[in-house]
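Worksheet: one structure, shown below.
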Amino acid sequence: MKKLHEAYQERSKKINKIEQLKELNTPKAVYDNLQAICAAGYENLKDEDSKYFLKCFGLFDKNDGTFMIRVRIAGGQLSIEKALVIGEISKEYGNDYIDITTRQQIELRYIKFENLHKVLTKLDAVGITTFQTGIDNFRNIVTSSFDGLSSDSFVECMPIIEELQGVFLHKEEWTGVLPRKFNAAILGSATNDCNIFGHDCCFIAAKKDEELGFNLYLGGRVGMQAEDINLFIKPEEVKEVFLAVISLFKEFGFRDNRNKNRLHFLIEAVGMDVFRDAIIQVSKATLQSGGELLLSNEHKINQDGCVELLDDKSAVLFSIPSGIFCGSDLIYSAECTKEAEGELRLSIEQSFYMVCKNEKIEQIKATPIYKKYEKYQNPYFVHQIACAGTATCSFGVIPNKPDAVEMAEFLHKEVPLTNAKVRMYWSACPKGCGIHGIADIGFEGCKAKDEDGNTCYGVHILLGGKASYEAKESRVIYKSIPLIEAKYIVKKIMLMYKNERQSAESFEIYESRVLSMLNNDEVIKKIENYH
Ligand code: SF4
10 MKKLHEAYQE
20 RSKKINKIEQ
30 LKELNTPKAV
40 YDNLQAICAA
50 GYENLKDEDS
60 KYFLKCFGLF
70 DKNDGTFMIR
80 VRIAGGQLSI
90 EKALVIGEIS
100 KEYGNDYIDI
110 TTRQQIELRY
120 IKFENLHKVL
130 TKLDAVGITT
140 FQTGIDNFRN
150 IVTSSFDGLS
160 SDSFVECMPI
170 IEELQGVFLH
180 KEEWTGVLPR
190 KFNAAILGSA
200 TNDCNIFGHD
210 CCFIAAKKDE
220 ELGFNLYLGG
230 RVGMQAEDIN
240 LFIKPEEVKE
250 VFLAVISLFK
260 EFGFRDNRNK
270 NRLHFLIEAV
280 GMDVFRDAII
290 QVSKATLQSG
300 GELLLSNEHK
310 INQDGCVELL
320 DDKSAVLFSI
330 PSGIFCGSDL
340 IYSAECTKEA
350 EGELRLSIEQ
360 SFYMVCKNEK
370 IEQIKATPIY
380 KKYEKYQNPY
390 FVHQIACAGT
400 ATCSFGVIPN
410 KPDAVEMAEF
420 LHKEVPLTNA
430 KVRMYWSACP
440 KGCGIHGIAD
450 IGFEGCKAKD
460 EDGNTCYGVH
470 ILLGGKASYE
480 AKESRVIYKS
490 IPLIEAKYIV
500 KKIMLMYKNE
510 RQSAESFEIY
520 ESRVLSMLNN
530 DEVIKKIENY
540 H
């Protein structure tokens, strides 16, 4: 603990601007007064409410009198009743627009300021919360879309997620008190379909002396995979360990430079061993050293666009291009799911699955809503992520979502693939919300120069991120390529993959076998000489 105190003192000589805002009020006081705040009009909205307090409740000021509302959907499991209400709200108040996010959540956009309280009341009536989905809070806890349903599922995680939410959700003492955001994920199966190494706190399926549980990995963030802390956690110990980690982060996390105050930086300052000892001391649990990780399968969709599950069930994929969806289609999807006596599960790849009995698959596939999205059932859309981009994010350098769609359509036409898997993830700026750093092919938006020397939209192109069996960041192969040229480069990469892959191997395996053996110059030479 001494080292934690010293590290904290060293980084406590000043506090950042957000910490200064926190001293002006409490999140609870602002939330309790929300109806009056909305009634007073957007022109009277206080700066600290816009920049901090409303974000504690998932309300994001877009600086034009409208808000984005981020809805928490634990583990991506969305009930039919909730889906219908979210869809209706989107239609009535939010231009019938919805984004599906990489944390298995839904974002409503274009909500007028004066309607915020009304919308939250309608959501609350069916048990939907937006609490703590923004700024320095516990973000949505992520898990496999097939939690408890797949044949390689060892521990069902949803009950544990509910236990963890019980620690912090709607709790005043845990609202807006962290130094920075805190992302957690838990995976109880052998298939990593939830970017399990990419969070501040990751519980990953493991085995120790024939006992099933989790290995704990800590300190993940954009551009940095979480590291093994060498602790095996039994399912019944997860809550205590989680509480120990968040208590340490709350007490010792840095509050000066916001660019260097995620959990990773605290662990970096004191060392993993010190942090590990502190967890053991605070949790009071008798923890064992890490077990054997159980990740052994790759997340793949079969030729029918489904994932086979236990108990004669399947998950029917609805591949949503760039995660751009709408309230009307969410309502149709919920009705279709109800007819099929199924359930909805959102994915971190900004799409969703209808889980149903196998005998209902054809019924789902015959619906107009399935047919509307069926054309996106190809490898270029199925594993696609694209962050908000310039349309809705002030940090965006390129439009992004439309660029990702255009690239996927181009590639599907030029290099059609079957029985293949390639993950293309797009971020519109270096902040990397589109998790491009772990993609097979990642794109980071930037400015570029066209052949006449004029500034245009461009991307850095990255290759070789790993997410299935190990965590590995990709490497930048091309810098500042105009978007118009990027698609021809990627076309050649896809031709190489199509022609050189063994059987139905994924791009991730192909890259490990072929491209990872080459240095950057050799990769570029191979791409440029490929015909
Ligand atoms: S990566 Fe940049 S542009 Fe994309 S959502 Fe994040 S901050 Fe916005």
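The opening residue of the sequence shown carries number 10 in this note's numbering; numbering runs sequentially from there. Glycine residues also receive a C-beta, built at the ideal position from the N, C-alpha and C atoms. Source: prediction; values computed, not measured.
For this session: Compare the beta carbon distance of G67 and L187 with 8 Å and say whether it is the shorter of the two.
Result: no
Exercise. Who are the near neighbours of D321 in its chain, counting only those whose CB is closer than 7 Å to its CB and skipping five residues on each side?
Worked result: K366 and N367
Exercise. Does the separation of the CB atoms of F212 and L225 fall below 8 Å?
Worked result: yes
Exercise. When every heavy atom of the ligand SF4 is checked, does at least one fall within less than 7 Å of the C-beta of S436?
Worked result: yes
For this session: With a threshold of 7 Å, establish whether the CB of C402 neighbours any heavy atom of the ligand SF4.
Result: yes
Problem set entry | Selected residue, minimal CA-CA separation from D530, among V485, E517, K501 and S489 | V485
Problem set entry | Through-space distance from V391 to V424, alpha-carbon basis | 15 Å
Exercise. Within the present structure, is the beta-carbon of A397 separated from the nearest heavy atom of the ligand SF4 by less than 7 Å?
Worked result: yes
Exercise. What are the start and end residues of each continuous alpha helix (DSSP H) run of 4 or more residues lying completely inside the segment 140-213, in chain order?
Worked result: 167-177
Exercise. Per DSSP, D70 is paired with what?
Worked result: F76
Exercise. Taking the alpha helix (DSSP H) that D412 falls in, what are its first and last residues?
Worked result: K410 to E423
For this session: Assign A495 to one of three DSSP states: helix, strand, or coil.
Result: helix
Problem set entry | Own chain, CB closer than 7 Å to D105, minus 5 neighbours either side, in chain order | S99, C335, G336 and S337
Problem set entry | Boundaries of the alpha helix (DSSP H) in which G443 is found, first to last residue | Careful: G443 lies outside any alpha helix (DSSP H) and carries neither H nor E.
Exercise. How about C65: is its Cβ closer than 7 Å to a heavy atom in the ligand SF4?
Worked result: no
Problem set entry | Touch test, the segment 71-88 against the segment 144-151, Cβ-Cβ under 8 Å, three pairs minimum | yes
For this session: Let me know if T427 comes out buried or exposed under the rule of 16 or more other beta-carbons within 10 Å of its beta-carbon.
Result: exposed
Exercise. Would I493 be called buried (16 or more neighbouring beta carbons within 10 Å of its own) or exposed?
Worked result: exposed
Exercise. Under three-state DSSP, which class holds K243?
Worked result: coil
Problem set entry | Helix, strand or coil at S477 [DSSP, three-state] | coil
Problem set entry | contact_flag[the segment 300-315, the segment 343-352] where n(CB pairs < 8 Å) is 3 or more | no
Problem set entry | Expected contact under 8 Å - CB spacing of G157 and A215 to nearest Å | Not quite, the Cβ-Cβ distance comes to about 17 Å (not below 8 Å), so this is no contact.
For this session: Give me the Cα-Cα distance between M10 and I289, rounded to the nearest whole angstrom.
Result: 11 Å
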